[in-house]
Amino acid sequence: MSSVGRSRSLSLESFSTISSDSSFSSAVDVAPNTRHRLYFFNDTRSVIFQLDDGTQYKVHRYPLSKRSREFAAQYLSDADENAVKRLEGVSRRDFDRFMSLIYPTELGRCDIQTPEEWISILRLAKLWSFEALRVRALAELDNVHCSLVGSATDRIVLSREVDVPHWRLQAFEELCLMEEGPSFADVERLGLYAFFEVARIRENRLKTTTSGSAAFDLREAVLNAGLAPPTSDPEHTRPPSCELPTAQHPAKQPPSTNKTYIDSSTARDGKYPCETWMNGGAREIRIS
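Per UniProt numbering, residue 1 is the first one in the sequence shown, and the count goes up by one each step.
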């Protein structure tokens with residue numbers, strides 16, 4: 001099992017903070033235009049990057065230009081080595097992690113270990129078209145249990161950002177199988193359309209289950225609702241370590257000896273499953 005599998009579960013909201021426990025990150029409070037203690041090389045053929053907090057990085061051009069033409073065209077086309085390239089919206093924590101793979105402190109060393117750190121790599125690799133790093137980060141994250149990447153809502157939001165369709169499909173299936181539906185906070189992140197479609201699928205699945213009709217195809221329902229695109233890679237339809245929760249339907253048992261269970265159906269408005277019991281000589285309908 002990958003070393004990231006031993007990491008504890010993390011919420012994606014925490015990924016937006018600036019602080020970091022990483023060994024290669026220095027102090028958070030940075031004065032304007034402060035040189036980074038590790039990634040400021042006094043060599044020729046270099047480029048200077050500056051983050052929103054004023055931290056500056058001076059690194060070799062070649063490793064960056066070799067690995068991404070898009071990044072080279074956007075940031076390395078200027079031959080002036082003293083020109084400062086601003087990376088707006090990029091956190092110091094994420095960029096430090098990214099730099100640690102491009103310019104390792106020791107040959108062959110990888111400082112990226114946790115799911116949170118690999119998500120940083122995945123985000124910037126997708127943003128700047130570093131395909132080899134994107135594939136590596138995705139492989140590392142697919143090898144850990146999905147809960148370590150975040151909740152179902154976390155994975156949906158992240159999959160939209162970094163374009164990982166199989167995460168979205170699996171996470172929406174998971175949402176539709178949960179005992180409780182999405183929270184108000186989830187609705188804000190998922191959007192109203194996704195929220196109402198999840199609610200509709202959950203209701204239809206419950207109707208099918210309680211009526212005893214044909215099996216409900218959850219994956220088809222999610223795809224037909226447009227919540228996730230179909231994936232062309234069968235190996236990435238569902239990571240093996242992220243099995244969906246199994247809906248349990250135990251046999252009905254009467255609450256007392258003088259009541260007899262008759263059948264299951266739905267209420268007249270078609271919204272709520274109900275059960276019919278005989279309580280002595282009276283018929284009793286209970287909404288479940």
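Just so you know, even glycine gets a beta-carbon here, dropped at the ideal spot from N, CA and C.
{"Query": "Ends of the beta strand (DSSP E) at Phe216?", "Result": "Looking at the DSSP string, Phe216 is not in any beta strand (DSSP E), and its letter there is neither H nor E."}
{"Query": "Mind checking who Ile48 pairs with in its DSSP beta bridge?", "Result": "Lys58, Val84"}
{"Query": "Helix or strand or just coil, what does DSSP make of Thr209?", "Result": "helix"}
{"Query": "Let me make sure I understand the geometry here. Which of Arg134, Arg189, Ser120, Asp163 has the alpha-carbon closest to that of Thr153?", "Result": "Arg189"}
{"Query": "Taking Ala83 as the reference, which of Lys58, Ser100, Arg92 has the closest Cα?", "Result": "Lys58"}
{"Query": "Exposed or buried, Val47, counting other C-beta atoms within 10 Å across all chains shown (16 or more means buried)?", "Result": "buried"}
{"Query": "So is Asp52 buried or exposed if we call it buried at 16+ other beta carbons inside 10 Å?", "Result": "exposed"}
{"Query": "According to DSSP, is Thr105 helix, strand or coil?", "Result": "coil"}
{"Query": "For the stretch 134-203, list the beta strand (DSSP E) runs that are entirely contained and at least 3 residues long, ordered along the chain.", "Result": "none"}
{"Query": "Closer than 7 Å by C-beta to Thr55: which residues in its own chain qualify, once you throw out the five before and the five after it? Chain order, please.", "Result": "Val30, Thr34, His36, Arg92"}
{"Query": "Which whole-angstrom value describes the C-beta separation of Glu197 and Leu227, a residue pair presumed to lie in contact below a C-beta threshold of 8 Å?", "Result": "6 Å"}
{"Query": "Where does Cys176 land, buried or exposed, given buried means 16+ other C-beta within 10 angstroms?", "Result": "buried"}
{"Query": "How many Å lie between Val90 and Leu76 at the Cα?", "Result": "17 Å"}
{"Query": "In chain order, what residues of the same chain lie with their CB nearer than 6 Å to the CB of Ser120, ignoring the 5 residues before and after it?", "Result": "Asp94, Arg97"}
{"Query": "Using only the alpha-carbon positions, how far apart do Arg160 and Gly108 sit?", "Result": "32 Å"}
{"Query": "According to the neighbour-count rule (16 or more other Cβ atoms, all chains shown, within 10 Å of its Cβ), is Ser23 buried or exposed?", "Result": "Its pLDDT being 43, under 50, Ser23 is placed unreliably by the model, and nothing is read from it."}
{"Query": "Inspect the beta-carbon positions of Asp163 and Lys126 and report whether they are closer than 8 Å.", "Result": "yes"}
{"Query": "Hey, how far is the Cα of Ser68 from the Cα of Glu131?", "Result": "8 Å"}
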